[in-house]
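Each number in my numbering comes from the position in the sequence shown (counting from 1) with 2 added on.
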Amino acid sequence: MKDLKKKALETNQIREKLKQLIQQTLQEALEAELEEFLGYSKYERTDVDNYRNGYTSKTVKT
3 MKDLKKKALE
13 TNQIREKLKQ
23 LIQQTLQEAL
33 EAELEEFLGY
43 SKYERTDVDN
53 YRNGYTSKTV
63 KT
């Protein structure tokens with residue numbers, strides 16, 4: 003019975019680690035895709051008035 007409980011805990015730990023690994027891999031892939039699409043990385047300042055983070059004042063015509 004103890005072996006079964008130990009194996010169940012190990013299985014849950016492996017499952018959780020695998021979940022974290024997949025999540026991290028997907029997040030890094032999405033960030034790389036966005037960086038390639040935009041042409042600049044997160045927090046990088048460019049000559050363009052639009053940034054990936056923060057905000058700048060804009061004028062809206064109505």
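Beta carbons are placed, not taken as given, at the ideal position from N, Cα and C, and that holds for glycine.
- Contact annotation, GLU35 with SER43: C-beta distance approximately 12 Å; criterion of less than 8 Å not satisfied.
- Here THR61 carries a coil assignment [DSSP, helix/strand/coil].
- In the structure shown, the three-state DSSP call for THR48 is coil.
- Here the alpha carbons of THR64 and ASN14 stand approximately 56 Å from one another.
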